[in-house]
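Chains as they are written, first to last, in the working numbering: chain D, 84 to 394; chain G, 84 to 394; chain U, 84 to 394; chain P, 84 to 394. For every residue, glycine included, the Cβ atom is placed at its ideal position computed from N, Cα and C. Just so it is clear, the structure is predicted and the values come from calculations on it, not from any experiment.
In structure tokens:
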């Protein structure tokens, strides 16, 4: 039954599943691992799942283009939640293996730069080979193909392995951001610590188009969290921009900026407003002076009075 | 009866009266000359007149500060009409006077630079003395104090004089702009060739405040016609800005810009939207792409769909 | 001998002369009162005077257009000094006159708004008539034509009068700014509390031209002190802008902004860099981060290294 | 001997090698395939190669993060040339294989989206498995592991295969951009159709920092070709921007913009100015009015005259 199914980029035992399980509602959903981000998202488009979950950005590796491109192209989807998960690896081994026994290790290619420093210090002679996923690496260790796999510690139980070493990571702040997407609907409720995601296409031959785009935000006091260019696929030099901005579309400063963008850009895709993971309401900078909803309402009332001659 | 009285900066026989008489409704109004712009405007504030008429700008001399300051300070008034009048002078003399008889001439001080060139060429030996107004100069000629007065040709009849020479002016394009003001009410109807007048005060110590102000217009594609700084009277270096912008407050691009200004500026005074004198509707540049009312409506509909998940 | 002569807007006994005498070098100059600002400035242009001195701005009345227009048009001149003078009036009377004897008063028309409140409170029945200058008013009192003249207290001695009441003014902060102009030459030396004056003409039909102009300053962190539009005389709607900006042309941020303006504007007239009157060096906000001369030099060195491959 | 060696991302027979061989000087260089972009670039840093060659952007897939991150971090390198190569695939088979014999196909994962449509139409039942590179896939076909490999037609000879079908691609305009990097040195000579590459870090907590950055370009009339955000590795939400701009650092508008960026940004890395591939000099838009070198020179001369009083 689709309303209770969430798809995610599998297999089981990956960081994606671990991140998904941090969502309270995950406990009451059927969690279905899929072979690719497009497969996970298409299940939502087809009505076979209520949501799809995938990584969209890593603080070390950058944007996950498969996810961004699925949101940028194809049948529209919207983001309803985001999850931040610190990424630290465990070295998973078959029970009984000692560190000195480990001669071959495996893991997903993106894990390699994160564990390279640790390997150099602790297993300088171990040979690395890439696996299709961290979970797949764990499976290959269980099958005896490699001595150790780098994966999340939580994957040990699934694959009958033991975490020999944990908390392995090179970059102190490696974090991955995941999003839960669904078919277009009402955005998540406003919490006071929200973000709004968009994709914006610029017109042809407009040298200042990006500047104009940023001005639409700046004039309304809406700060950008991220801007990422992606090729449109129409040839070298044609880009669209995936943008995360502070605030919720229910805020006047945000909605006016969105309408401004809609007017000056050939295409704008609204990807949703949803709570910012890892940002407490108390930590949110208040809107710049003159851009709160109260300021918008006061200005509209002033204008109404002015147009009636009651200024 | 105040509803049929228009005050204007007198005396009779000035360019101001001539400009006022170009308004169709002037034929059915009692036109009351006043001794000063404040007097003319205060009569409106006191309910003793329906309108007041005064010059606000001359294409050679610049802004008429008495008029601007009356609109900037005091009890609010609004502009409902503007009139452009080309300024050319006649040399008025008592009947029978020949050019060779003219040894002394008079006129308002602002007339002098306009006729200086003509005097040098035609009456190099004539002595100039200033009068309180062009009309007053005419009166003094009638009384025999001077031989000639520079004034509008239309003033000749009023003072029993003859226009000896007409079409005297130095600057080819000398034009004066006049405004009809009244108590605050609904702005003049939108014609498609309109302007909107404002006074804006900037906050303290904001180096980029003027730039921010202009951005509020620019982002909505509203072009400025004029910007003029005036001291606020609170000390050297404190200014407000009298601004004329293209468009009517009934246009969305204009009203959104006004609300934006209201939000970021400590004070905004709306002085009205009214037809641009001397600009035919056909000559008006269409709003920049994305800033027509249709564009605003389409963007609002898109936003509503987006917030409902119908994008 | 022209090198020792300074002209000023006369007659003697005006605030202009008082302001001029605050300059140390005035003590060793021949101070020559002139009948008009153009006459004072033309004497400099003709080499008959080393400097000319005139009011350029009043904190209550605004810009003195005669002075601004002389700097904007005609043979170029430059500003080398500015002087601020608080404007307070004295009521000058013939010796022996008591306040109760004063029935008629006179003064320059711009004095009237400054003393109106005082008159209402202290001499509600006194009749006001305008004089050609405050000094001329004093002369007329001496001749017995009026009972009292509003002028600077310093004018009393010149005209054989007594200051009956002093420190009369309505606006608490009435200040007039005067400038000393000369033929173009090297600007005044940099003091650390300087300003730079310019006149800028915008091109035809450029809706965003004023914004572009301000961006040239803003990008280099140069704050504006004042911007004032003046008609170019080429017809209604054609303006140039007289601008005062913080900083000295010897500063890199200022000179780069000036060159930027020169490139984008059809005409720029440099009116000089000179010490800001009334602003101590200690009160000057330091240049925005990244806009000091040291920052410009460091960036130029970095660029040179980069272009040599030594980055 | 390092001066004649160019490293590139191998193995042999890839599009990278094909692109590298389009450079005239490649004919006289030892071309050394390396296992990774870091390996290829580190050889240059270590002085073991004069240049390294790698893809930096694909018009369908976007930026090649491995290459960008090598330029952004580590010991500085500079770009001296770029090459554009249209990407079309051939289906390589062992001699004698017919299309109907092809049951399994392989290729680099990024090839898959490019040939997916063709496969659906022509080999709907063929099973795809990914290879480490297109060249590696060809090798596996020669070894009999798969029936066909998608690779460049030029790879056929190297691996003893035949191109059964050529010109396979889904996106009509799939193009890959490659760069030749070397140790920092003098930039490539100016050709009139150049680009300049930079990496820019923004300061902390500056909401408008990206806008300020773009203004530095805009004020000098320098158009951006591309802007791409990359994580700095210091935690979620910290980005630097890899930017390609029109023009050569030897142009005044470009060098002034670079110095401006250097002043306002905590860090700027100059990656070189070099000829734009695929852009003829005749197709280059001339610099915006007021931003040519001649305009800069004229403005500097004007400033010098102004500072000498010769304006």
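Neighbours of residue 287/G in chain U, taken as residues at a C-beta separation under 7 Å, are lacking, since the least C-beta distance is about 13 Å. Here residue 220/G is not near residue 243/G, since their CB atoms are 9 Å or more apart.
If you check each beta-carbon in the region 300-325 of chain U against every beta-carbon of chain G, the ones closer than 8 Å belong to 301, 306, 307, 308, 309, 310, 311, 312, 313, 314, 316, 317, 318, 319, 320, 321 and 322.
When the five nearest sequence neighbours on each side are left out, the beta carbons in the same chain lying within less than 6 Å of the beta carbon of residue 350/G are those of 284, in order along the chain. Residue 356/U sits in a strand when the DSSP states are folded into three classes.
Taking 7 Å as the Cβ-Cβ cut-off, the region 250-276 of chain P approaches chain D at 254, 256, 258 and 260, given in chain order. Not one beta carbon of chain D lies nearer than 9 Å to the beta carbon of residue 154/G. If you check the CB distance, residue 135/P and residue 123/P come in under 9 Å. It is roughly 8 Å from the alpha-carbon of residue 225/G to the alpha-carbon of residue 176/G.
With a threshold of 16 other beta carbon atoms within 10 Å, residue 152/G meets it and is buried.
Assigned with DSSP and collapsed to three states, residue 120/P falls in helix. Of all residues in the region 127-147 of chain G, those with a C-beta nearer than 9 Å to a C-beta of chain U are 140, 141, 142, 143, 144, 145 and 146, reading in chain order. Here the alpha carbon of residue 294/G sits roughly 20 Å from the alpha carbon of residue 342/U. Inclusion of residue 216/U and residue 270/U in the CB contact set at 9 Å is not warranted, their separation being larger than that value. Rounded to whole angstroms, residue 265/U and residue 197/U show a C-alpha spacing of 31 Å. Secondary-structure assignment with DSSP links residue 167/U through a beta bridge to 260/U. Residue 298/D belongs to the set of residues whose beta carbon lies under 9 Å from a beta carbon in chain P. Under the 9 Å criterion on CB atoms, residue 376/P is classed as non-interfacial with respect to chain U. If you look at residue 141/G, you'll find it in the beta strand (DSSP E) that goes 134-141. DSSP, read as helix, strand or coil, puts residue 346/G in helix.
Residue 366/D counts as exposed, since fewer than 16 other beta carbons sit within 10 angstroms of its beta carbon. Three or more beta-carbon pairs separated by less than 8 Å link the region 303-313 of chain G to the region 329-342 of chain G, which places the two stretches in contact.
Within the region 193-279 of chain G, the complete beta strand (DSSP E) segments at least 3 residues long are 210-213, 231-234, 245-251 and 258-265, listed from N- to C-terminus. Rounded to whole angstroms, the separation of the alpha carbons of residue 273/P and residue 100/P is 26 Å. Put simply, the CB of residue 174/G is far from chain D, with every gap to its CB atoms at 9 Å or more.
With contacts defined by Cβ atoms closer than 9 Å, residue 92/D and residue 119/D form a contacting pair. Listed by position along chain G, the residues whose Cβ is nearer than 8 Å to that of residue 343/U form an empty set, because the closest Cβ is around 15 Å away. Residue nearest to residue 237/G within the set 127/G, 168/G and 361/G is 168/G (criterion: CA-CA distance). Residue state for residue 285/G is assigned as coil, using DSSP reduced to three classes. As the crow flies, the alpha-carbon of residue 267/D is around 9 Å from that of residue 163/D.
Shortest Cα-Cα distance from residue 359/D to any of 94/D, 199/D and 278/D involves 278/D. Nearest Cα to residue 146/U within the set 376/G, 319/G and 280/G: 319/G.
In the DSSP assignment, residue 187/G falls within the beta strand (DSSP E) that extends over 187-190. Note on residue 380/P: under 16 other CB atoms within 10 angstroms of its CB, so exposed under the neighbour-count rule. With respect to residue 87/U, residue 104/U sits apart: the two C-beta atoms are not nearer than 9 Å. Of the other Cβ atoms in all chains shown, fewer than 16 fall within 10 Å of the Cβ of residue 391/D; this residue is therefore exposed.
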